[in-house]
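Counting with my numbering, you get residues 6 to 134 for the letters of the sequence shown. See structure below.
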Amino acid sequence: MPKLKRGDRALIIIGATCLAAAALWLAAGALGLVPAAATDGLTVVCQTREGFRREDPLDGDARYTVETSEGYNAVVISNGQVEVAEADCSNQVCVEHDPIDQVGEQIVCLPHGMVIEVVENPDDATVLN
């Protein structure tokens, strides 16, 4: 059997330590010992280029329909996330987008001119013209 060099042993120890730390982190998360991302105080701002604007807390539950001259989008806020559940746009990019829950994340429906954004302060939301 070949003899391990000092650098090889160090690399094995570092790798094993990283794997053990990752396993502990995943186990703690599965047991609920690691706090989930905080959504307290975050706001969902939904707006369209036609002037519609609505603000909702991310940690609440809401379901509403945004209607524009081009069509509609069904927006759902639940479990600290926001998503577009349904839309009648041609490309469905907004519906296929993963739910968002972090400051600065957006869901955009270009055909309907709608932007949904998670912000700390509603005044920080993107301004649509």
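No residue lacks a Cβ here, since even glycine has one placed at the ideal position from N, Cα and C.
For residue 36 and residue 56, I'd like the C-alpha separation in whole angstroms.
Counted from its first residue, the sequence shown places residue 36 at position 31. Counted from its first residue, the sequence shown places residue 56 at position 51. Distance between the alpha carbons of residue 36 and residue 56 is about 45 Å.
With H, G and I counted as helix, E and B as strand and the rest as coil, what does DSSP make of residue 130?
Your numbering for residue 130 matches position 125 in the sequence shown. Coil.
Can you tell me where the alpha helix (DSSP H) holding residue 114 begins and where it ends?
For this step, residue 114 is matched to residue 109 along the sequence shown. Element bounds for residue 114: not the alpha helix (DSSP H) but the beta strand (DSSP E), 111 to 114.
Going by beta-carbon coordinates alone, are residue 121 and residue 107 separated by less than 8 Å?
Looking up residue 121 in the sequence shown gives position 116. Looking up residue 107 in the sequence shown gives position 102. Taking 8 Å as the Cβ cut-off, residue 121 and residue 107 do not qualify as a contacting pair.
By the DSSP assignment, the alpha helix (DSSP H) with residue 11 in it spans what residues?
As a working note, residue 11 is residue 6 in the sequence shown. In the DSSP assignment, residue 11 falls within the unbroken alpha helix (DSSP H) covering 11 to 35.
Give a yes or no on whether the C-beta atoms belonging to residue 80 and residue 69 are separated by under 8 Å.
As a working note, residue 80 is residue 75 in the sequence shown. As a working note, residue 69 is residue 64 in the sequence shown. Against a cut-off of 8 Å, the Cβ pair of residue 69 and residue 80 comes out as a contact.
Can a CB atom of chain D be found closer than 8 Å to the CB of residue 81?
Going by chain labels, chain D is absent from the structure shown, which holds only one protein chain.
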